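Student:
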Amino acid sequence: MSAVRTSTAALLAALALAGAAAPATAAPTPTPSASGDSAGPTEAGTGFRTATAFRPGERATAAASTGDYLYWVLPVDAGQRVTVRATVTLPEPTLRHGPATWQLDVYDGLRRRQACAYGTQTKAAAKEVGTAELSCTLRTVRSGAEPWANDPLPGSYYVRLTVVGLPEEDLGLPVRAQVEADVKDVGGAVAVDAALAEPLVPGIAGAPEEQRAARAPEDGWSGGRWSDRWVWTAAGGVLAALAGVCGYSLTRGSGRPAGTRTAA
0 MSAVRTSTAA LLAALALAGA AAPATAAPTP TPSASGDSAG PTEAGTGFRT
50 ATAFRPGERA TAAASTGDYL YWVLPVDAGQ RVTVRATVTL PEPTLRHGPA
100 TWQLDVYDGL RRRQACAYGT QTKAAAKEVG TAELSCTLRT VRSGAEPWAN
150 DPLPGSYYVR LTVVGLPEED LGLPVRAQVE ADVKDVGGAV AVDAALAEPL
200 VPGIAGAPEE QRAARAPEDG WSGGRWSDRW VWTAAGGVLA ALAGVCGYSL
250 TRGSGRPAGT RTAA
């Protein structure tokens, strides 16, 4: 009888311990809260070859020294208009000796500097100002262009951020940079029918398919074979045909004039 009581007590004690441990093991794992900004890379390259890759919608950050050249690279496809924004957190005013002028430049895959359609590409920050904000909106990327033209073409686009003017004593002071890009599909209103053999991405020719996919936009390169400019062209042709039919109906009259006879 005492053995039964001992076994029962041991079983109840084991069940109590299991019940006490259950809430700890069954507790749900906390999930990170959603945010509107996608975290991107936390460093920048020092040249075109070492540029850090990021994608539109991501927020790239980097800690650097005043005077460093910071480079990032992102893919942009035909029919898209990209806006690059940069924010530089400057050193404490007590450490600085005067204003600092920062500049944001964008280059295409051939390392040609692309002009900004609008935006604040160069910003002079006074000594007491804590941040410098810059932006550059490029012209819409075309699917093809003449060899002599400097039109933006699909491929890699390099973002360069650096200081272009400041007191010499301020070189080397720590700064923090933040870069992001927004891409808008503008479509056939600015499309030009043409095609490139390959997007302007260094080393893409002959590269394995995995590397090509890693350096392309999420939905791949369009290649310039199709744009909604074809839709506008077809719609214009249909409207022209309808206008021709209506014009003919209005000008042809009702037939032979009244009172005329057919010759025998």
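Quick note on numbering: the sequence shown equals residues 0 to 263 in numbering that gives the first Met the number 0. We put the beta carbon where it would ideally sit given N, CA and C, even for glycine. Computed from a predicted structure; not experimentally measured.
1. For Y117, list the residues DSSP reports as bridge partners.
2. Using C-beta distances below 8 Å, list every residue in its chain close to P90, excluding the 5 sequence neighbours before and after it, in chain order.
3. If I measure Cβ to Cβ from Q177 and keep anything under 6 Å in the same chain, skipping five residues before and after, which residues do I get?
4. Which residues does DSSP list as the beta-bridge partners of Q210?
5. In terms of alpha-carbon separation, which member of A77, T139 and A52 lies closest to L69?
6. Have a look at G244 and G235 and give me their C-alpha separation to the nearest angstrom.
7. Starting from L249, follow the beta strand (DSSP E) in both directions and report where the run begins and ends.
8. Suppose you measure from the CA of G44 to the CA of E145; what does that come to, to the nearest Å?
9. Per DSSP, which one or two residues make a beta bridge with S64?
10. Span of the beta strand (DSSP E) holding T161?
11. Which of the three DSSP states is assigned to E57 in this structure?
12. Can you name the start and end residues of the beta strand (DSSP E) that V105 belongs to?
Tutor: A quick look at the data gives this:
1. T136
2. T65, D169, L172, P173 and V174
3. T60 and T86
4. Q210 is not bridged to any residue.
5. A52
6. Note on residue identity: the sequence assigns Val, not Gly, to residue 244. If I take the Cα positions, the gap works out to 14 Å.
7. Element bounds for L249: not the beta strand (DSSP E) but the alpha helix (DSSP H), R228 to T250.
8. 31 Å
9. P173
10. G154 to G164
11. strand
12. A99 to Y106
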